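**Q** In our numbering, the protein residues as written are 10 to 513.
Beta carbons: idealized from backbone N, C-alpha and C, even for Gly.
Since this is a predicted model, take the numbers as computed values, not measurements.
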């Protein structure tokens, strides 16, 4: 057992958990984080890949949540410009759905609820003339446009975890917490790590386990006050890039829900999402055929390019751990976050984190530490609003200027390799490329753009421990490989990443 107590133990390696760990470490707290699987292996890698205000949430009068999220778009875009970029959304007007006047009002509010610096405003679109009308059926000739941001969600989680680690936090992956016991004014926490059981003590615990929040709280028995969660599955499907669909589309479905059609990984289009209540987290990460048909049907109402089951090249689902606010419709359940502070007299605090969305993780982290501030009177001030994440300190000129610098620095490496590495790692690209002079110096070509050197970097610096970690979370290389190529890549990656986990 570690002799000195941690100030804070965070349970859960999704976006909320790593966000809290990084914020706390940056304020001078001694922090450890435990994740039972891989970073972002649950909900945080199964999102719609958007940093957005949530236009449709205005219909439910969640004005505060939308205002906060709109403001965070600008903050996160500045912190991680290599992982986040503005994206135009087109709303084809569908007769019989939301009236034009209502859409205009919603977009006006969307433009003005928070200050915009880098993100353009909304407008009307003549779909008969604008290239955005190309993938749509000819009967959709008018619409609207607005901007939100696209994000590589899993890489954002890893970047925040790296930020936490570089500020002193201990990050333990594949380390499920199995026991939590109060010992006077501290907690005793035991986790099963890859090298055996590890027991630490902490002055406070944050339970940010997402869909598994109740299971973690149950480790305390009745004293844990398991939070009231509503688990809602969201499914996405990926198809080859729909011709002309280089913008994103927000489609109004006949049941009143909206479905996104999003450009994805240069060669693909992503369609999502659904909202289906599930009983347990274990029910939530497998898409159903019914949900896939729902998404195909919604897209087919608008797109001129017919889609069938055979077009689906990848599908994924995630579970949103939402606040159970009693709403009868899953689509109407609030995406806001809530905290439950559990602290018996004389006992250390445990903070259960419920709900939230990837866009507002930074604000959630600040609010969580405000809840715990009485326990840490010497804690430093909030700092995350203006600090770039690892790889995000691009400066003037952004990714284009960084790419130009690497072209000069690595003249013997092909441009497509440099573009890919820059988009994934930002200013950390040279740490991946190292002293390579040619592509041969990067080692074995594993497939999907991956090389031996990159996989080794992901193992040594980003906690990658399996082929899935590399192919589907640290990168999306798996999407660019056929079945036989993927099998060979999995074998090569497994060989490269086997070894002692970082952080234990």
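#1: Who does residue 9 pair with in a DSSP beta bridge?
#2: Residue 49: buried (16+ other C-beta within 10 angstroms of its C-beta) or exposed?
#3: Taking residue 381 as part of the alpha helix (DSSP H), name the residues at either end of that continuous run.
#4: With distances taken Cα to Cα, identify the nearest neighbour of residue 134 among 421, 397 and 256.
#5: Within 10 angstroms of its Cβ, does residue 60 collect 16 or more other Cβ (buried), or is it exposed?
#6: So the beta strand (DSSP E) residue 171 belongs to, where does it begin and stop?
#7: Report yes if the CB atom of residue 88 is closer than 8 Å to the CB atom of residue 438, and no otherwise.
#8: Check the C-beta distance from residue 394 over to residue 84 and give it rounded, since I have them as a contact under 8 Å.
#9: Since residue 181 sits in a beta bridge, which residues does DSSP pair it with?
#10: Checking 8 Å against the spacing of the C-beta atoms, do residue 66 and residue 79 come in under that value?
#11: Considering only the beta carbon of each residue, do residue 471 and residue 167 sit closer than 8 Å?
#12: If you measure between the beta carbons of residue 219 and residue 21, is that distance less than 8 Å?
#13: According to DSSP, residue 196 sits in a beta bridge with which residue or residues?
#14: Quick check on the DSSP output: the alpha helix (DSSP H) that includes residue 412 runs from which residue to which?
#15: Which residues in the same chain as residue 312 place their Cβ atom closer than 6 Å to its Cβ, once the five residues preceding and following it in sequence are excluded?
#16: With distance defined between alpha-carbon atoms, name the residue in 155, 36, 203 and 237 nearest to residue 390.
#17: Do the CB positions of residue 195 and residue 208 come within less than 8 Å of each other?
#18: Are residue 172 and residue 411 closer than 8 Å when you measure CB to CB?
#19: Flag this pair as yes or no: are the beta carbons of residue 304 and residue 268 separated by less than 8 Å?
#20: Ends of the beta strand (DSSP E) at residue 204?
#21: Measuring only the C-alpha atoms, how far is residue 101 from residue 366?
#22: If we ignore side chains and look at the alpha-carbon of each, how far apart do residue 484 and residue 164 end up?
#23: From what residue to what residue does the beta strand (DSSP E) around residue 327 run?
#24: Examine the Cβ distances between the segment 263-281 and the segment 462-477 and report whether three or more of them are shorter than 8 Å.
#25: Could you check the C-alpha separation between residue 262 and residue 292 for me, to the nearest Å?
#26: Can you tell which of 279, 236 and 225 has its C-alpha closest to the C-alpha of residue 251?
**A** In short:
#1: Absent from the structure is residue 9, since the part of the chain shown begins at 10 and ends at 513.
#2: When all chains shown are included, residue 49 counts as buried.
#3: Per DSSP, residue 381 belongs to the alpha helix (DSSP H) from 370-381.
#4: Here the closest residue by C-alpha is 256.
#5: Classification for residue 60: buried.
#6: Premise fails: residue 171 lies in the alpha helix (DSSP H), 162-175, not in any beta strand (DSSP E).
#7: No; because the gap between Cβ atoms is not below 8 Å, this pair is not in contact.
#8: Indeed, because the Cβ distance is near 6 Å, the residues count as touching under 8 Å.
#9: When DSSP reads this structure, residue 181 sits in a beta bridge with 43.
#10: It is not a contact, given that the beta carbons lie outside the stated cut-off.
#11: Yes, the Cβ-Cβ distance between residue 471 and residue 167 is below 8 Å.
#12: Cβ distance < 8 Å, so residue 219 and residue 21 count as in contact.
#13: For residue 196, which the question treats as bridged, DSSP gives the partners 191 and 211.
#14: Its alpha helix (DSSP H) spans residues 407-418.
#15: The beta carbon of residue 312 sits closer than 6 Å to those of 144, all from its chain and outside the five residues before and after it, given in chain order.
#16: Closest by alpha carbon: 36.
#17: Not closer than 8 Å, so no.
#18: No, Cβ-Cβ distance for residue 172 and residue 411 is not below 8 Å.
#19: It is a contact, given that the beta carbons lie within the stated cut-off.
#20: Premise fails: residue 204 is in no beta strand (DSSP E) and is neither H nor E.
#21: Roughly 26 Å separates the two Cα atoms.
#22: For residue 484 and residue 164, the distance between alpha carbons rounds to 8 Å.
#23: Looking at the DSSP string, the run of the beta strand (DSSP E) that includes residue 327 is 323-332.
#24: No, the segment 263-281 does not touch the segment 462-477.
#25: If you take the alpha carbons of residue 262 and residue 292, they lie about 25 Å apart.
#26: Ranking the options by Cα distance to residue 251, first place goes to 279.
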